[in-house]
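Chains as they are written, first to last, in my numbering: chain L, 1 to 323; chain V, 324 to 639. Using N, Cα and C, we set each Cβ at its ideal position, and we do this for glycine too.
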Amino acid sequence: MAEPLLDIRDLKTWFKTDDGMVRAVDGVSLHIDRGETLGVVGESGCGKTVTARSVLKLIDMPPGRFEAGQILWQGRDLIPLDETEMNKIRAREIAIIFQEPMTSLNPVYTVGDQIAEVIELHQKLSRKQAMVGAADMLKLVNIPNPQRRVHDYPHQFSGGMRQRVMIAMALSCQPKLLIADEPTTALDVTIQAQILELMQEMKERFGMAIMLITHAMGVVAETTQRVVVMYAGKVVEEASVEALFGDPRHPYTQGLIRSIPRVDRSAGRQARLESIPGSVPSLLDPPPGCRFASRCRYVMPACTQAIPPLKEVAPGHKVACIL
Amino acid sequence: MAGLTPASLTADAPAPAVAAPRKNRPTSPWQEAWRRFRRHRLAVASGVVLLLLIAAVTLGPFIWPVAINEIDFTAKLQGPSWAHPLGTDDLGQDLLARLIYGGRISLAVGLAAMVVAVVVGVVVGALAGMSAGWVDAALMWLTDLFLALPLLPLLLLLMYLFRDHFKRLFGVEGGAFILIVVVIGGLRWMQVARLVRAQFLSLREKEFVEAARALGASKLRLVVGHILPNALGPVIVAGTIDVAAAIIAESTLSFLGLGFPSDIPTWGSVLRDAKDYLDIAPHWALFPGAAIFLAVITINFMGDGLRDALDPRRVL
Numbered sequence: 001m002a003e004p005l006l007d008i009r010d011l012k013t014w015f016k017t018d019d020g021m022v023r024a025v026d027g028v029s030l031h032i033d034r035g036e037t038l039g040v041v042g043e044s045g046c047g048k049t050v051t052a053r054s055v056l057k058l059i060d061m062p063p064g065r066f067e068a069g070q071i072l073w074q075g076r077d078l079i080p081l082d083e084t085e086m087n088k089i090r091a092r093e094i095a096i097i098f099q100e101p102m103t104s105l106n107p108v109y110t111v112g113d114q115i116a117e118v119i120e121l122h123q124k125l126s127r128k129q130a131m132v133g134a135a136d137m138l139k140l141v142n143i144p145n146p147q148r149r150v151h152d153y154p155h156q157f158s159g160g161m162r163q164r165v166m167i168a169m170a171l172s173c174q175p176k177l178l179i180a181d182e183p184t185t186a187l188d189v190t191i192q193a194q195i196l197e198l199m200q201e202m203k204e205r206f207g208m209a210i211m212l213i214t215h216a217m218g219v220v221a222e223t224t225q226r227v228v229v230m231y232a233g234k235v236v237e238e239a240s241v242e243a244l245f246g247d248p249r250h251p252y253t254q255g256l257i258r259s260i261p262r263v264d265r266s267a268g269r270q271a272r273l274e275s276i277p278g279s280v281p282s283l284l285d286p287p288p289g290c291r292f293a294s295r296c297r298y299v300m301p302a303c304t305q306a307i308p309p310l311k312e313v314a315p316g317h318k319v320a321c322i323l
Numbered sequence: 324m325a326g327l328t329p330a331s332l333t334a335d336a337p338a339p340a341v342a343a344p345r346k347n348r349p350t351s352p353w354q355e356a357w358r359r360f361r362r363h364r365l366a367v368a369s370g371v372v373l374l375l376l377i378a379a380v381t382l383g384p385f386i387w388p389v390a391i392n393e394i395d396f397t398a399k400l401q402g403p404s405w406a407h408p409l410g411t412d413d414l415g416q417d418l419l420a421r422l423i424y425g426g427r428i429s430l431a432v433g434l435a436a437m438v439v440a441v442v443v444g445v446v447v448g449a450l451a452g453m454s455a456g457w458v459d460a461a462l463m464w465l466t467d468l469f470l471a472l473p474l475l476p477l478l479l480l481l482m483y484l485f486r487d488h489f490k491r492l493f494g495v496e497g498g499a500f501i502l503i504v505v506v507i508g509g510l511r512w513m514q515v516a517r518l519v520r521a522q523f524l525s526l527r528e529k530e531f532v533e534a535a536r537a538l539g540a541s542k543l544r545l546v547v548g549h550i551l552p553n554a555l556g557p558v559i560v561a562g563t564i565d566v567a568a569a570i571i572a573e574s575t576l577s578f579l580g581l582g583f584p585s586d587i588p589t590w591g592s593v594l595r596d597a598k599d600y601l602d603i604a605p606h607w608a609l610f611p612g613a614a615i616f617l618a619v620i621t622i623n624f625m626g627d628g629l630r631d632a633l634d635p636r637r638v639l
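Written as structure tokens, this is what we have:
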């Protein structure tokens with residue numbers, strides 16, 4: 001099998017706090033192949049964002065720290081690299097877009113300036129050429145009137161438009177991997193669909209891979225090929241999108257899928273929307289055993305003894321559950 | 324007709340439809356601030372007065388080419404007249420010429436000291452705000468220390484101690500200028516440092532800073548290119564008020580005889596020379612006093628206007 005584009009092995013990103021170590025990411029392994037869209041799902045606070053930021057080394061250290069593991073980018077470990085070397089990988093090879101398009105752009109510069117800055121930084125072009133590139137990128141992400149809009153400031157764009165600008169910025173150097181950290185969470189539903197469609201379009205155009213982090217199962221079903229389900233800093237299930245929705249094995253995944261609101265069932269027949277009781281446990285010195293045990297409906301004594309390892313139950317389908 | 328067709332996102336809109344919304348479209352943040360500043364009448368009026376004052380001291384010598392040290396005992400302590408619009412002093416020297424010359428020094432000292440204070444303040448504040456931890460603590464401790472110092476006695480002490488060194492190094496006038504600017508600026512950077520640090524602490528956590536970092540911007544670029552421009556508003560306001568404070572400080576020093584050498588007129592030293600003749604020649608003290616007052620109050624009003632214009636929470 002070909003070498004994966006990104007291969008995270010047993011990554012542990014911990015944060016030191018006054019109360020002790022917060023194990024935000026505690027032994028996560030996942031990989032992304034070239035041109036693939038990987039979904040990473042889970043509730044708030046389960047380590048998705050920390051995983052994503054770890055890849056680009058955007059974790060503040062201290063208090064954060066890589067306790068163990070490797071982040072192999074095309075076979076090269078990113079963890080020992082310093083800021084200068086990381087800056088050659090950021091945007092050029094791996095780019096990221098964030099959840100909040102309203103605050104992700106600098107209010108004092110025009111969007112053209114901001115896109116051009118990224119181009120200038122990585123491609124050694126003159127300002128003039130970079131501005132032309134910026135207008136091209138705006139055009140590519142379907143912003144009307146790009147020639148004029150490059151001279152506009154972020155506050156003159158709506159949320160959806162700003163997310164398009166962010167995508168334009170992120171893609172301006174044709175990265176091989178785009179990490180999208182909840183790119184649509186802050187947008188309303190129709191705009192969400194447009195942004196997802198745009199990302200799909202860009203993916204086909206540039207042949208890049210996408211790591212789509214989200215808590216919306218619907219988004220995952222629509223756009224990804226493979227899914228990693230995270231819970232409390234660990235991967236609990238990994239499967240192709242068909243296998244995950246057709247045959248979810250982990251009780252947490254099952255719970256997530258059951259909690260998707262369904263419009264197609266009539267209100268009369270529909271049971272109350274299910275939720276998973278409780279919330280993500282504290283990652284501060286977690287107890288031994290499966291971290292989902294306290295919320296699991298199938299919990300048994302063995303669950304609290306040791307952490308169940310991730311094992312393959314079908315080709316490409318891994319689950320961390322003793323069931 | 325054009326207004327009835329539904330606006331399409333991608334269609335090329337006809338020219339008038341594009342031009343119309345462009346007019347009231349706010350442009351850059353600085354243009355927006357200028358628009359807001361213009362609504363502050365007192366600040367705009369102050370700006371005009373200040374500009375006139377600056378024009379008077381820079382262009383004055385060409386329009387009123389009278390020597391500042393031409394002694395004429397026959398015309399001593401005269402009130403305003405056509406020959407001497409602001410009167411004369413006890414040596415019969417023309418006050419208008421002396422105030423024009425002194426105004427250059429006073430305003431230049433004010434501006435230069437402000438630049439020193441702002442540069443030092445921004446550097447200290449930025450370092451503290453970006454580094455956190457013990458560097459931040461140490462720098463803020465230093466800032467508090469400077470804030471706790473009694474300014475005037477220290478100012479006098481420093482002037483007294485270093486005046487001769489600077490005189491030897493940079494000449495009489497140059498040495499006094501550099502020393503005064505450095506001492507005043509060096510004792511007024513603390514407010515700016517605190518402001519900048521506070522701004523940096525909040526701005527460094529902003530998503531656009533992280534986004535820029537994620538796209539490969541170096542730390543220096545983040546600080547200078549992304550954080551600092553967003554922190555400038557309060558700094559500009561503080562800097563404006565610093566100009567006024569520095570003018571007062573320079574006048575105080577000169578009044579006490581520790582500023583420029585006594586043969587060089589500044590607003591403060593003219594005031595000092597005049598104080599013994601208040602009862603027989605009040606005009607002598609009145610005009611330099613008025614000049615200081617006018618410069619300081621217009622600068623402060625402008626600072627008020629800038630503060631309102633640069634404060635996004637204020638609707639103008």
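- Look at the segment 507-540 of chain V: the residues with a C-beta under 9 Å from a C-beta of chain L are Lys529, Glu530, Phe531, Val532, Glu533, Ala534, Ala535, Arg536, Ala537, Leu538, Gly539, Ala540.
- V:Trp353 and L:Thr13 have their C-alpha atoms some 42 Å from each other.
- Taking the Cα positions, L:Val241 is about 15 Å away from L:His215.
- The three-state secondary structure of V:Gln514, taken from DSSP, is helix.
- L:Trp73 sits in a strand when the DSSP states are folded into three classes.
- Taking a C-beta distance under 8 Å as the contact criterion, L:Leu177 and L:Glu83 do not qualify as a contact pair.
- Sequence-distant Cβ neighbours of V:Phe624 in its own chain, meaning closer than 7 Å and more than five residues away, are Leu365, Ala366, Ser369.
- For L:Arg149, no chain V residue has a Cβ inside 8 Å of its Cβ, as the nearest lies near 12 Å away.
- Pairing L:Ala52 with L:Ile89 gives a Cβ-Cβ distance that is not under 8 Å.
- Bounds of the alpha helix (DSSP H) holding L:Arg258 are 251-258.
- By the Cβ neighbour-count rule, L:Asp152 is buried, with 16 or more other Cβ atoms within 10 Å of its own.
- Annotated as proximal: V:Ala516 and V:Thr466, with beta-carbon spacing under 8 Å.
- Listed in chain order, the positions of the segment 549-580 of chain V with a beta carbon within less than 8 Å of a beta carbon of chain L are His549, Pro552, Asn553.
- Judged by beta-carbon spacing, V:Val380 lies beyond the 8 Å limit of V:Arg421, meaning their Cβ atoms are not closer than that value.
- Within the model, the alpha-carbon separation for L:Pro63 versus V:Met453 is close to 15 Å.
- Within chain L, Glu83 have C-beta atoms less than 8 Å from the C-beta of V:Lys542, given in sequence order.
- Residues are counted here when their Cβ sits less than 8 Å from a Cβ of chain L; for the segment 351-380 of chain V these are Ser351, Pro352, given in chain order.
- Under a criterion of Cβ atoms nearer than 9 Å, the residues of chain V adjacent to L:Val108 are, in order, Ser351, Pro352, Trp353, His549, Pro552, Asn553, Leu555.
- At a beta-carbon threshold of 7 Å, the residues of chain V lying near L:Glu100 are Glu530, ordered along the chain.
- The beta carbons of V:Phe523 and V:Ala449 sit about 6 Å from each other, so the pair counts as a contact at 8 Å.
- Here V:Gly497 is exposed: its Cβ has fewer than 16 other Cβ atoms, across all protein chains shown, within 10 Å.
- By the rule that beta-carbons nearer than 8 Å mark a contact, L:Tyr252 does not touch chain V.
- Between L:Val40 and L:Val228, the C-beta gap is smaller than 8 Å, which places the two residues in contact.
- Under the Cβ criterion (8 Å, minimum of three pairs), the segment 106-123 of chain L does not count as touching the segment 181-197 of chain L.
- A direct Cα-Cα distance of roughly 28 Å separates L:Ala130 from L:Glu182.
- Taken in chain order, no unbroken stretch of beta strand (DSSP E) lies wholly in the segment 358-387 of chain V with a span of 3 residues or more.
- Apart from sequence neighbours up to five positions away, the residues of its chain that approach L:Val25 with a beta-carbon distance below 7 Å are Leu11, Lys12, Thr13, Gly47, Val50, Thr51, Ser54, Gly233, ordered along the chain.
- The straight-line gap separating the alpha-carbon atoms of V:His549 and L:Ile143 is approximately 24 Å.
- For L:Thr37, there is no enclosing alpha helix (DSSP H); the enclosing beta strand (DSSP E) has its first and last residue at 37-41.
- Counting only Cβ-Cβ distances below 8 Å, L:Ala170 has contacts in chain V at Leu538, in chain order.
- For V:Ile587, the secondary structure class from DSSP, reduced to helix, strand or coil, is coil.
- CA-to-CA, the gap between V:Trp357 and V:Leu430 works out to about 24 Å.
- Contact between the segment 100-107 of chain L and the segment 158-173 of chain L is present: 3 or more CB-CB pairs across the two stretches fall below 8 Å.
- Under the Cβ distance rule, L:Tyr153 counts among the residues neighbouring chain V, one pair being separated by less than 8 Å.
- Rounded to whole angstroms, the gap between the alpha carbons of V:Trp512 and L:Met211 is 47 Å.
- CA-to-CA, the gap between V:Ala378 and V:Gly508 works out to about 24 Å.
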